[in-house]
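Just so you know, the protein sequences line up as chains A and B, in that order.
Read in order, the letters of the first sequence are residues 63 to 352 in our numbering.
Read in order, the letters of the second sequence are residues 1313 to 1551 in our numbering.
These notes are about the structure you will find just below.
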Amino acid sequence: MSKKVFEVKDLSFTYQKHGIKAVNAISFDIVEGEIFGLLGPSGAGKSTTQKILTRLLKNYQGNIQYMGKDFSQYGNDFYEDIGVGFELPVHFSKLSGMENMRFFQNLYESKADIEALMKRVGLFEDKDRLVGEYSKGMKMRLNFVRAMLNNPKFLFLDEVTNGLDPKNAKIIKDLIREFKEGGGTVLLSTHLMNDVEELCDRVAFISKGEIREIATPKALKMKYGKRELRVEYKDQEQVKLEVFDLDTISKNDTFLTLVKNNAIQTMHSGETTMDDIFIRVTGDTFHEDA
Amino acid sequence: MKTLKGLLRGEFQRLIKYNIIQVSFGVSVLWLLILFLVGKEEAGVFLPLVVFMDLTMMSVLLMGVSLFYERQENTLKTLMVTPAPMWGIAVSKIIASIYLAFQSVVVVVGVAYFAFDIAFRLLPFLAFVLIIALAHGILGFVLSLFSKDFNGLLALIMAYMIVFAFPSIFYALGLMSESIEPLLLLSPTHVSLLMINYGFDQSIETFELIYGMLYLIIASLVLWKYLILPLYPIKGVKE
């Protein structure tokens, strides 16, 4: 059985200033070597949960264990273990990309090869340019390098491919997969379902501060999808549609006759998309600001 | 200690890259120009006031600028997820601010010493520069924590100057009655001026010097413990 990296029980958090309960009694585990997706619309509680787990927010209720030890027992050495990629770029704009990375890396015991990382994300040629001159996509790639500077065991990534073109998004996703293959664990907060399908082993849907579902993407598709097959076929120059029950399809004479005698145009199972599941589970639409 | 070394190195790198050292040096040159314009006779009167303005107002302002950039770029957020402790991050900023104050004082007083043959008590002067720069760096830190933006910071600094700095300057220039002095002793800038005057070989009561030093040191410790340490992680991060 895989070792639990984080064990979260009945975690709640209220922002005192506004009296808003951002997280309400959520419980979940993250096991070693998995990519765990935390999904939900803006304002659902994803960022608050991530801030608590990165110790940026302290006065929470509930119990958190990290590597089997109470979270509150860790000092600043906890940060030697983790890497954090924030949603928005956080760099010194009047320092070059390399100067930024060297400064942050000097604060850690363990040190990754910065030049190799910069090469992987395609920033090596621009390493001596001021970060203020970088495009948003370049800053996001630098954010990822920043998260990897200390050879972390656990990565917190927030909307990591936000603002990246498909080519650079693929590079980052490949690096995340490599990190996982090397034994690393990832908490990925996102609302990009494409990233979820490609990367996540398990996902938790969070809405209004509560976890609505935790499962593998495949299990969720099975649960929320329809056991049906939709067939479009040609019948006397007309395109017609028939829907068949998947569980009885092998004994369905209409289906078998149709396949045998008609030109099939399209054939789709009733498996739903993660986008649809997101909307159904969270009761929300994409890009909706809280 | 290892992280403090890295933080300090970064802080000094940014003082250069963000032109803060250059601006501070430029201000020192301006002060010197003013001293040369007023002439040798008056320079002895103006120099303590110039050092006073530099150590108090410039320390507050330059610390504010440094924290303004930090908040604008939200870099504290990413520093907070490193092994560097919060106190270390704050201390490195205060040390950098004290360095700027010393740089400026060395340039202005050094040139003035050779050009105008001004007498001063070296060791007490350096000790007082340290205490005054520390207190005003911390004050600048606190004021910037309570400002939403740079305009807010400038407004707070102006309010502070009107309440605490101007009365001391008017008093020093003989524009205010001597009876107001006991009240002025409540002002951190006024006790700073007394300490600077002593550094420039003027006679100041011993109790006023001891009171001034204790006042600035205790005020710095109180602001550090009750405002900077608890509020910096909250107000230093842009959400």
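Cβ coordinates follow ideal geometry from the N, Cα and C atoms, glycine included.
What residue range does the beta strand (DSSP E) around residue i cover?
i	result
B:L1466	Taken as a continuous stretch (DSSP letters only), B:L1466 belongs to no beta strand (DSSP E), being part of the alpha helix (DSSP H) at F1462 to Y1472.
B:N1509	B:N1509 -> not in any beta strand (DSSP E); alpha helix (DSSP H) instead, spanning P1500 to G1511.
B:L1457	Segment L1434 to L1457 is the alpha helix (DSSP H) holding B:L1457; no beta strand (DSSP E) there.
A:K296	E290 to D297
B:G1338	Unbroken run through B:G1338 is the alpha helix (DSSP H), I1332 to V1350; no beta strand (DSSP E).
B:N1386	Where B:N1386 is concerned, there is no enclosing beta strand (DSSP E), given that its DSSP letter is neither H nor E.
A:N125	Q123 to Y128
Within 10 Å of its beta-carbon, does residue i have 16 or more other beta-carbons around it, so buried, or fewer, so exposed?
i	result
B:I1474	exposed
A:Q298	exposed
A:K201	buried
A:E96	buried
A:A352	Here the model assigns A:A352 a pLDDT of 35, short of 50, so the residue's position is not dependable, and the following value carries that caveat. By the 10 Å Cβ count, A:A352 comes out exposed.
B:L1382	The displayed chain sequence assigns Glu, not Leu, to residue 1382 of chain B. Buried is the call here.
A:N212	buried
B:A1408	buried
B:K1317	exposed
A:V301	exposed
B:G1338	exposed
B:L1487	exposed
A:K113	buried
B:I1469	buried
A:N121	exposed
A:D72	exposed
A:H80	exposed
B:W1536	buried
A:E177	exposed
A:Y77	exposed
B:E1385	buried
A:S269	buried
A:L303	exposed
A:P279	buried
Look up residue i in the DSSP assignment and say whether it is helix, strand or coil.
i	result
A:V305	strand
A:S251	strand
A:G199	helix
B:M1369	helix
A:S11	Because residue 11 of chain A is not part of the residues shown, which for chain A are 63 to 352, the question remains open.
B:Q1514	coil
A:M336	helix
A:F69	In the sequence as presented, Phe is not what sits at residue 69 of chain A; that position holds Glu. Correct three-state label for A:E69: strand.
A:S183	First, the amino acid is wrong: residue 183 of chain A is Val here, not Ser. Reduced to three states, the DSSP call for A:V183 is coil.
A:S331	strand
A:E350	Because the pLDDT at A:E350 is just 39, under 50, the model does not fix this residue reliably, and the point stays unresolved.
A:F148	coil
A:S74	strand
A:E275	strand
A:A231	helix
A:V222	coil
A:V85	strand
A:F154	coil
A:D132	strand
A:G194	helix
B:G1356	helix
A:L119	coil
A:L217	strand
Output the boundary residues of the alpha helix (DSSP H) element that contains residue i.
i	result
B:A1427	M1398 to F1428
A:E94	No alpha helix (DSSP H) holds A:E94; DSSP gives it neither H nor E.
B:I1619	Residue 1619 of chain B falls outside the range modelled here, since chain B spans only 1313 to 1551, and no answer is possible.
A:F166	G159 to Q167
A:D315	D315 to N323
A:N212	Run containing A:N212: none; DSSP gives neither H nor E here.
B:R1321	K1314 to K1329
A:I114	K108 to L115
B:E1493	E1493 to L1496
B:I1481	F1478 to A1484
Report, in whole angstroms, the separation of the C-beta atoms of residue i and residue j, which I expect to be a contact under 8 Å.
i	j	result
B:S1404	B:L1455	That belief does not hold up - the Cβ atoms of B:S1404 and B:L1455 are roughly 19 Å apart, past 8 Å.
A:V222	A:G147	5 Å
B:P1436	B:Y1527	No, B:P1436 and B:Y1527 are not in contact; Cβ-Cβ is about 16 Å, not under 8 Å.
Fill in: Contact residues within the segment 1318-1348 of chain B, judged by C-beta distance below 8 Å to chain A
G1318, L1319, R1321, G1322, Q1325, R1326, K1329 and Y1330
Fill in: Against chain B: residues of the segment 96-129 of chain A by CB proximity under 7 Å
T116 and L118
Worksheet item: Any residues in the segment 1372-1390 of chain B with a beta carbon nearer than 7 Å to a beta carbon of chain A? Which ones, in chain order?
Response: E1385, N1386, T1387, K1389 and T1390
Practice prompt. Taking a Cβ distance cut-off of 7 Å, strictly less, list which residues of the segment 1387-1418 of chain B are near chain A, in chain order.
Written response: T1387, K1389, T1390, M1392, V1393, T1394, P1395, A1396 and P1397
Fill in: Short-range partners of chain B found in the segment 195-219 of chain A, where Cβ spacing is below 7 Å
R208
Practice prompt. Could you run through the segment 163-183 of chain A and flag, in chain order, every residue whose CB is less than 8 Å away from some CB of chain B?
Written response: F165, F166, N168, L169, Y170 and E171
Worksheet item: If contact means a Cβ-Cβ distance below 9 Å, which residues of the segment 126-154 of chain A contact chain B?
Response: G137, N138, D139, F140, Y141, E142, I144, G145, V146, F148, L150, P151, V152, H153 and F154
Discussion item. Taking beta-carbon pairs under 8 Å, can you tell me which members of the segment 244-270 of chain A lie near chain B?
Written reply: none
Worksheet entry | the segment 1490-1524 of chain B: positions lying closer than 9 Å to chain A by Cβ | none
Worksheet entry | Interfacial residues, the segment 287-318 of chain A to chain B, with Cβ spacing under 7 Å | none
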